[in-house]
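Engineer:
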Amino acid sequence: MDNKENENLVDTELNTELNQEEVPPPPEQNYKQPDDEFPEQIQYHTRQTNETRKTDISSSLTIKIFIIGTLACVLFIPAMIAESYISERKSRRDKVVKEISEKWGSSQILKGPVIILPFKLTPESGSSISQFVILPEKLDIGGNLETVVRYRSLFQAVLYNAKINMEGNFIIPDLKELGIDEKLVMWDKAFISIGISDLRGIRESVVFNIDSVQIKANPGISFNGIEGRGISGQLNPLQAGQTVNFSFDLDLNGSEELQFTPVGRTTVLKLASAWPSPSFNGEFLPVSRKITDKGFNAQWKVLHLNRDFPQFWRKGDHNFKNSAFGLKLKLTADIYQKNMRITKYAIIFLFFTFAAFFFAEIFHRRRFHPIQYFLVGTAIVIFYSLLLSFSEHITFNIAYIISAGIITIVISVYSALITQSLKFPITIGSILLTLYSYLFVILQMSDYALLTGSIGILMVLTLVMFMTRHIDWYNLEKVTPKK
Numbered sequence: 034m035d036n037k038e039n040e041n042l043v044d045t046e047l048n049t050e051l052n053q054e055e056v057p058p059p060p061e062q063n064y065k066q067p068d069d070e071f072p073e074q075i076q077y078h079t080r081q082t083n084e085t086r087k088t089d090i091s092s093s094l095t096i097k098i099f100i101i102g103t104l105a106c107v108l109f110i111p112a113m114i115a116e117s118y119i120s121e122r123k124s125r126r127d128k129v130v131k132e133i134s135e136k137w138g139s140s141q142i143l144k145g146p147v148i149i150l151p152f153k154l155t156p157e158s159g160s161s162i163s164q165f166v167i168l169p170e171k172l173d174i175g176g177n178l179e180t181v182v183r184y185r186s187l188f189q190a191v192l193y194n195a196k197i198n199m200e201g202n203f204i205i206p207d208l209k210e211l212g213i214d215e216k217l218v219m220w221d222k223a224f225i226s227i228g229i230s231d232l233r234g235i236r237e238s239v240v241f242n243i244d245s246v247q248i249k250a251n252p253g254i255s256f257n258g259i260e261g262r263g264i265s266g267q268l269n270p271l272q273a274g275q276t277v278n279f280s281f282d283l284d285l286n287g288s289e290e291l292q293f294t295p296v297g298r299t300t301v302l303k304l305a306s307a308w309p310s311p312s313f314n315g316e317f318l319p320v321s322r323k324i325t326d327k328g329f330n331a332q333w334k335v336l337h338l339n340r341d342f343p344q345f346w347r348k349g350d351h352n353f354k355n356s357a358f359g360l361k362l363k364l365t366a367d368i369y370q371k372n373m374r375i376t377k378y379a380i381i382f383l384f385f386t387f388a389a390f391f392f393a394e395i396f397h398r399r400r401f402h403p404i405q406y407f408l409v410g411t412a413i414v415i416f417y418s419l420l421l422s423f424s425e426h427i428t429f430n431i432a433y434i435i436s437a438g439i440i441t442i443v444i445s446v447y448s449a450l451i452t453q454s455l456k457f458p459i460t461i462g463s464i465l466l467t468l469y470s471y472l473f474v475i476l477q478m479s480d481y482a483l484l485t486g487s488i489g490i491l492m493v494l495t496l497v498m499f500m501t502r503h504i505d506w507y508n509l510e511k512v513t514p515k516k
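For the numbering used here, add 33 to where a residue sits in the sequence shown, where the first one is 1.
#1: List the endpoints of the continuous alpha helix (DSSP H) containing Phe407.
#2: Counting only the same chain and skipping the five closest in sequence on each side, list residues whose C-beta sits under 6 Å from that of Ile22.
#3: Start and end of the beta strand (DSSP E) containing Met500?
#4: Using beta-carbon positions only, say whether Phe224 and Ser265 come within less than 8 Å of one another.
#5: Between the alpha carbons of Lys87 and Phe109, how many angstroms are there, rounded?
#6: Have a look at Val191 and Leu304 and give me their C-alpha separation to the nearest angstrom.
#7: Return yes when at least one heavy atom of the ligand GDP lies under 7 Å from the C-beta of Ile490, else no.
#8: Put Pro458 into one of helix, strand or coil per three-state DSSP.
#9: In angstroms, rounded to a whole number, what distance separates the CA positions of His337 and Ala250?
#10: Helix, strand or coil: which one does DSSP assign to Met199?
#11: Rounded to whole angstroms, what's the CA-CA distance from Leu484 to Tyr378? Just pull it up for me.
#12: Counting along the chain, where does the beta strand (DSSP E) carrying Ser163 start and finish?
#13: For Gly274, does the three-state DSSP call read helix, strand or coil?
#14: Tell me which same chain residues have a C-beta within less than 8 Å of the C-beta of Ile380, skipping the five on either side of it?
#15: Measuring only the C-alpha atoms, how far is Ser418 from Leu318?
#16: Arg262 to Gln247, Cα distance in whole Å?
#17: Can you give me the start and stop residues for the beta strand (DSSP E) that Ile205 sits inside?
#18: Tell me where the alpha helix (DSSP H) around Asn177 begins and ends.
#19: Kindly list the residues whose CB is nearer than 7 Å to the CB of Glu200, restricted to its own chain and excluding five residues on each side of it in sequence; keep chain order.
#20: Beta strand (DSSP E) containing Leu150: first to last residue?
#21: For Glu215, which of helix, strand or coil comes out of DSSP?
#22: Apart from the five residues just before and just after Gly274, which ones in its own chain have a Cβ nearer than 7 Å to its Cβ?
#23: Smallest Cα separation from Val301: which of Lys456, Lys171 and Ser448?
#24: Count the other CB atoms within 10 Å of the CB of Ser306; is the residue buried (16 or more) or exposed (fewer)?
#25: On the CB-based measure, 16 or more other CB atoms within 10 Å of its CB, does Ile504 come out buried or exposed?
#26: Please return the same chain residues whose Cβ sits closer than 6 Å to the Cβ of Leu28, not counting the five positions on each side in sequence.
#27: Quick check: the Cα distance between Ile431 and Phe382, rounded to an integer number of angstroms?
#28: From Gly228 to Gln267, what distance separates their C-alpha atoms?
#29: If we count the other Cβ atoms within 10 Å of its Cβ and call it buried at 16 or more, is Asn372 buried or exposed?
#30: Name the one or two DSSP bridge partners that Leu318 has.
#31: So which of Thr294, Lys334, Glu210 and Ser163 has the shortest CA-CA distance to Met219?
#32: With the cut-off set at 8 Å, would you say Leu178 and Trp308 are in Cβ contact?
#33: Note down the Cα distance separating Lys65 from Arg398, rounded to an integer number of angstroms.
#34: Please name the residue, chosen from Gln344, Leu364 and Thr294, that lies closest to Ser310 on a Cα-to-Cα basis.
#35: With a threshold of 8 Å, are at least 3 pairs of Cβ atoms found where one atom belongs to the segment 461 to 475 and the other to the segment 385 to 392?
#36: Cα-Cα, which of Glu132, Thr299, Thr155 and Asn286 is closest to Asn202?
What follows is the structure, given as structure tokens:
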């Protein structure tokens, strides 16, 4: 018993000693609480990742801009095709106008009047005859144009009937001073002539009143300066130094254009018409004019010093056919000219529309596929064909409003469908309406169209620069599509 108790006591003491011994703590772990600072190596990789991401975004943006620009250039091709189609329709219109004019009278150019005085080259020559050309000292022309518009199919032509009066005088020069023997002059063979480019337009017989003597005009002339087309009248025998007074009336049909030649030492032309849109053309412009909605009055005055030929010369030495002046009766609604002007702005319209969609990706956080850009651009191009088609049937202004409205609605509705919102379609619709309205204003201008267009483009560029001033083009990853 004692031995057992002693053993138990020893065990108890031993356990007590063991329990009292210090157990060595586990090795310390160098844990560090996470904070806002990444290790240097991790920070380096993070910077590299961010820079790579920005580079990728920049590259992606550059590629998209390149694609959009390429699409604009591609879509500009059908816009040019539309321009060629407009030219084709205009050529067709001109052909129809020519067909109508052939039955009424084409554009008229009046050359003269002049006196043609034949003379022999030598006393012995019987057939060797030349001509001496004498121009009027004074030529006063008055005319009144009555206009009518004729239609064939979709095309129209401006026709006129001109009541023209010419009067003035000739002074027969002393031919000795010009080196011509008066004995060789055939004084009894002189005739007065006036060139008329289209004899089909003459409606009434022409009678020359020469010094109170009436002389009936006959078709044809032999003077090459007025190309052999015109009328002539045989004069009574003339003599050197004689003053020949003349007057006659012309009742002449023509189309679109009427011109005269300044054959007088002093040529005065007065024209009047109820046509509201004349275009004065040729070598000389009117010294005075008055144009209203009820018609126009215009007056020209041309001196012999203003032209490049003298008062008289031998046949063939001079030609005055290139000095014509007068007017053209324009159609106020020349739809082909206006359509042609509009196509010049096609690339600007494509650029502005694509720019609106591109910035919508930034401000509205929407993504648009290049195919969607292409579809919108195609609608812009179709506008020109639509406008031409409508304008051939209704007035140009109404056709423009209808065409612009259709394209604006189509693009706006399409934008609403692809964005599933109303904010962006309203924005793009407002932009298109502004662009079409601005272009319409430019079309109504003539003298200030270029200035207005340049200022408008500058204002748009300034607005874009202002709206994008805070955009970080290297940090567009935050622009993500809305869910």
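By construction, the Cβ of each residue, glycine as well, lies at the ideal position given by its N, Cα and C atoms.
Structural biologist: For this structure:
#1: Pro403 to Ser424
#2: A question about residue 22 goes unanswered here, because the residues of the chain that appear run from 34 up to 516.
#3: Premise fails: Met500 lies in the alpha helix (DSSP H), Ala482 to Met500, not in any beta strand (DSSP E).
#4: yes
#5: Note that Lys87 scores 48 on pLDDT, short of 50, meaning its location in the model is unreliable; the coordinates nonetheless yield the value given after this. Approximately 33 Å between the Cα atoms of the pair.
#6: 17 Å
#7: Among the components modelled here there is no ligand, and therefore nothing to report on the ligand GDP.
#8: helix
#9: 27 Å
#10: strand
#11: 14 Å
#12: Ile162 to Ile167
#13: coil
#14: Ala105, Phe109 and Ala112
#15: 37 Å
#16: 22 Å
#17: Note, Ile205: premise wrong, no beta strand (DSSP E); not H, not E.
#18: Unbroken run through Asn177 is the beta strand (DSSP E), Lys171 to Arg185; no alpha helix (DSSP H).
#19: Asp173, Phe279 and Ser280
#20: Gln141 to Lys153
#21: helix
#22: Ile205 and Asp207
#23: Lys171
#24: buried
#25: exposed
#26: Examination of residue 28 is not possible in this model, given that the chain is present from 34 through 516 alone.
#27: 20 Å
#28: 15 Å
#29: buried
#30: DSSP lists no partner for Leu318.
#31: Ser163
#32: yes
#33: Note that Lys65 has pLDDT 49, beneath the 50 cutoff, so the model's placement of it is unreliable and no number is given.
#34: Leu364
#35: yes
#36: Thr299
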